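Trainee:
There are 2 protein chains.
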Amino acid sequence: MNDTFLKACRGEKTDYTPIWIMRQAGRYLKEYKAVRAEAGDFLTLCKTPELAAKVTHQPIDMFGLDAAILFSDILVVNEAMGQDLKFYEARGPVIENPVRTRKDLDRLRVPDAEDELSYVMETIKLLRRDLKVPLIGFSGAPFTLATYAIEGGSSKNFLNTKRMMYQNPALYADLMDKLTDSVQAYLAAQIRAGAQVVQIFDSWVGVLDPSDFVEFELPYVARIVAGLKKEFGKKVPIIYFANNSASLLREVKKTKADVIGIDWRIDMADAVKQIGKRFAVQGNLDPLALFLPPDKIRERVADILRKAKPLRGHVFNLGHGVVPETPVEGVRAVVDAVHELSGK
Amino acid sequence: MNDTFLKACRGEKTDYTPIWIMRQAGRYLKEYKAVRAEAGDFLTLCKTPELAAKVTHQPIDMFGLDAAILFSDILVVNEAMGQDLKFYEARGPVIENPVRTRKDLDRLRVPDAEDELSYVMETIKLLRRDLKVPLIGFSGAPFTLATYAIEGGSSKNFLNTKRMMYQNPALYADLMDKLTDSVQAYLAAQIRAGAQVVQIFDSWVGVLDPSDFVEFELPYVARIVAGLKKEFGKKVPIIYFANNSASLLREVKKTKADVIGIDWRIDMADAVKQIGKRFAVQGNLDPLALFLPPDKIRERVADILRKAKPLRGHVFNLGHGVVPETPVEGVRAVVDAVHELSGK
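Dropping the structure here:
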């Protein structure tokens, strides 16, 4: 068992810098596309444990990554809560019954994750049988799930979400409470099923100004972290990835997550200065930098590794998910560069 | 003539804090929609000086704003350079002949702005006849115009743009040179026609990490600023609005623009710390905050004004354009709050 990633998350000394890649099981791999075609559609792939486990495995051996991440989608929580979820090739995810009123909210429930998301737990159990690297479970963060719950899909301005925050804060708070309870129970179930680390993905939190982050998201994420810490102690590290969070990092630390995931927009040296030495940090190469020639990828990796040195722990990752058009050689180049330059 | 805005841009003492609002002439006003309907479509509105001047005027008297901004669109430059531009209600702008190869680039020319964008100059001249507040001219920044030129429209990952930057930097540099020359000539023509301040809009620059900003955008913006300063001296202030730039501000200063426009994601106190006292700053209320009740808008305005106090000059604005669904009362509330709280 390669436990370098676990050690880095806990801030313990490691022999080299571990790396995994957001969306490492994904459309940039023809092997993934073959399984996806076999499943028929994206949601069926998420809900078929054998296939989900299969795609989770694919990039691990191919590239020598230091952690696996459960193949799933953040929106399965919204679906289990009672929202009608569909994925369209062009439009992306669509929720047919968005939350706009108290009545809409009353129809959503906190799901019994072990039961209603049993396919996720089964995937985790399958994976733990033969994975040689740690397994990361994950969930969307409450704010990010709220944007989908309210907007009914992707959004440009998050108009409906912010309108609810600003004009009906009581309804927003009640929705966030329900989402927070759901996320906490879901992550706890994943840990009980075998997830060794969990990541909370906050893809859209970067649209909040710092005061709104403090009022409308921080308390909920902090509650999830505290709840999981109470139940599982220090043995399961928690990663909080706040996308587009350069202006939020001082507040992000208050979630008390063990690992702060950062996006590519911020220079690592700047992030280290803001986050300080009590946390491990995960990141942060621009996913599009994988289109660079290998020697240039190597230069950027060296720069990030050097700047991350003062940290308590560093997990190398991209600053967001790898994009479908990414050349496989770029993925190989970043993994090799991280390992070679950090002394593996 | 109300010159409070000009003074604030120059860092001179003002009696109160001036305010204007990005997209202040826009779809949130029924009066605008009436003129737009009269024009038929958006581009025709931009190209009909009488109508463009009419919508530019609308919000000034209605709200008592301290500056007017030419009604136009950043993509008229791409069109004048030889790109086929269309606006679709749902999809937004589309350029039918994007730049992907050297041949595509060779077909684009640096337009003679006075001639090929004469409708803009005419609008400016019309406006200067009777405006009682300063008139802002504007252009898109080279990188932002390049994303449209290369992607052919809006984009999620800016895949084609970054691919060109990373895989064909010589072609990217030549495109940027052409765009930079076009923008500089266009802004110079606007100033000669009567624009008293110019703003460079960098809507998409926030997708660049700091090192890419330094390599792929900063030199071009700096060249435009230096060129305009050489031609017009200090009398025409230049505003550089870099959207989503919390992690770029220390580099943004190197453009030497007089006024740094900031988006809403960063706390004003943090921006002041990074930008320092040699620049004026413009911003930065979240456009969606105009959906708040008036007393809450007032609280946020007070907070920004207080934090902006140490600055050499402060121009109040939103942190991005006002959105079409915005209640007119919200716009009125922010203008009144800025004026009252800053001592008008």
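Protein chains in written order, with the working numbering: chain S, 1 to 344; chain D, 345 to 688. A virtual CB, placed ideally from N, CA and C, is assigned to each residue, including glycine. Nothing here was measured: the structure is a model prediction, and the numbers come from that model.
(1) Using three-state DSSP, classify lysine 86 of chain S as helix, strand or coil.
(2) In chain order, what are the residue ranges of uninterrupted beta strand (DSSP E) at least 3 long that sit wholly in the segment 166-241 of chain S?
(3) Which residues bound the alpha helix (DSSP H) around asparagine 422 of chain D?
(4) I want to see whether chain D comes within less than 8 Å of proline 210 of chain S, judged by CB atoms only; does it?
(5) Using only CA atoms, which one of S:Val259, S:Gln167, S:Val322, S:Asp209 lies nearest to alanine 8 of chain S?
(6) Any idea what DSSP makes of isoleucine 480 of chain D, helix, strand or coil?
(7) How is glutamine 626 of chain D classed by DSSP in three states: helix, strand or coil?
(8) Is DSSP giving isoleucine 69 of chain S helix, strand or coil here?
(9) Determine which residues of the segment 476-507 of chain D have a Cβ less than 8 Å from any Cβ of chain S, and write them out in chain order.
(10) Below 8 Å on the Cβ atoms is my guess for glycine 481 of chain D versus glutamine 528 of chain D; work out the distance and round it to an integer in Å.
(11) On the criterion of 16 or more Cβ atoms from any shown chain inside 10 Å, does tyrosine 516 of chain D qualify as buried, or is it exposed?
(12) Could you please give the first and the last residue of the uninterrupted beta strand (DSSP E) stretch that includes glycine 674 of chain D?
(13) Once DSSP output is grouped into helix, strand and coil, what is the label at valine 443 of chain D?
(14) Give, in chain order, every unbroken run of the alpha helix (DSSP H) that is at least 4 residues long and sits entirely within the segment 369-406 of chain D.
(15) Spatial neighbours of glycine 276 of chain S within its chain, please: C-beta separation below 8 Å, excluding the five flanking residues on both sides.
(16) Excluding the 5 residues flanking glutamine 618 of chain D on each side, which residues of the same chain have their C-beta closer than 7 Å to its C-beta?
(17) Just the Cα atoms here: how many angstroms apart are threonine 17 of chain S and glycine 663 of chain D?
(18) Any idea if aspartate 405 of chain D is buried or exposed, counting beta-carbon neighbours within 10 angstroms, 16 or more meaning buried?
(19) Could you please tell me which residues of the segment 603-632 of chain D, in chain order, have their CB closer than 7 Å to any CB of chain B?
(20) Note down, in chain order, each residue of its chain lying with its Cβ closer than 6 Å to the Cβ of alanine 457 of chain D, except the 5 sequence neighbours on either side.
(21) Measure the Cβ-Cβ separation of leucine 632 of chain D and leucine 159 of chain S and say whether it is below 8 Å.
(22) Report the option in S:Ala170, S:Gly64, S:Val35, S:Ile304 whose CA atom is closest to the CA atom of glutamate 50 of chain S.
(23) Decide if threonine 358 of chain D is buried, meaning its Cβ has at least 16 other Cβ atoms within 10 Å, or exposed.
(24) Do phenylalanine 431 of chain D and aspartate 459 of chain D count as a contact pair if the criterion is CB distance below 8 Å?
(25) I need the boundaries of the alpha helix (DSSP H) containing phenylalanine 143 of chain S, first residue and last residue.
(26) Counting only C-beta atoms, is leucine 562 of chain D closer than 8 Å to chain S at any point?
(27) Out of curiosity, what's the CA-to-CA distance linking arginine 312 of chain S and leucine 126 of chain S?
(28) For chain S, find out if any of its Cβ atoms is closer than 8 Å to the Cβ of serine 591 of chain D; answer yes or no.
(29) Pick helix, strand or coil for leucine 249 of chain S, following the three-state DSSP scheme.
(30) Checking 8 Å against the spacing of the C-beta atoms, do phenylalanine 63 of chain S and arginine 332 of chain S come in under that value?
(31) Among the candidates D:Ile648, D:Met520, D:Arg367, whose CA atom is the shortest distance from the CA of aspartate 614 of chain D?
(32) Quick one: does phenylalanine 545 of chain D have its CB under 8 Å from some CB of chain S?
(33) Per DSSP, what kind of secondary structure is isoleucine 468 of chain D in: helix, strand or coil?
(34) Considering only C-alpha positions, which residue in the set D:Leu414, D:Val549, D:Val679 is nearest to leucine 479 of chain D?
(35) How should glutamine 167 of chain S be labelled, buried or exposed, when 16 other C-beta atoms within 10 angstroms of its C-beta is the threshold for buried?
(36) Between isoleucine 95 of chain S and the ligand PLP, is the CB less than 7 Å from at least one heavy atom?
Mentor: Short version:
(1) strand
(2) Here the runs fully enclosed are 197-202.
(3) 420-425
(4) yes
(5) S:Val259
(6) In this structure, isoleucine 480 of chain D counts as strand in the three-state DSSP scheme.
(7) strand
(8) strand
(9) Asn501, Phe502, Leu503, Lys506, Arg507
(10) That belief does not hold up - the Cβ atoms of glycine 481 of chain D and glutamine 528 of chain D are roughly 13 Å apart, past 8 Å.
(11) buried
(12) It is not in any beta strand (DSSP E) - glycine 674 of chain D instead sits in the alpha helix (DSSP H) that spans 672-685.
(13) coil
(14) 374-383, 386-391
(15) Setting aside the 5 residues that flank it on each side, glycine 276 of chain S is surrounded in the same chain by Lys253, each with a C-beta closer than 8 Å to its C-beta; the list follows chain order.
(16) Non-local beta-carbon contacts of glutamine 618 of chain D in its own chain, meaning distances under 7 Å to residues more than five positions away in sequence, involve Leu593, Arg594 in chain order.
(17) 38 Å
(18) Exposed is the call here.
(19) Note that chain B does not occur in the displayed structure, where the protein chains are S and D.
(20) Ala529, Tyr530, Ala533
(21) yes
(22) S:Val35
(23) buried
(24) no
(25) 142-151
(26) no
(27) 32 Å
(28) Yes, serine 591 of chain D counts as interfacial toward chain S.
(29) helix
(30) yes
(31) D:Ile648
(32) no
(33) helix
(34) D:Leu414
(35) exposed
(36) What this structure holds is no ligand at all, so the ligand PLP is not there to describe.
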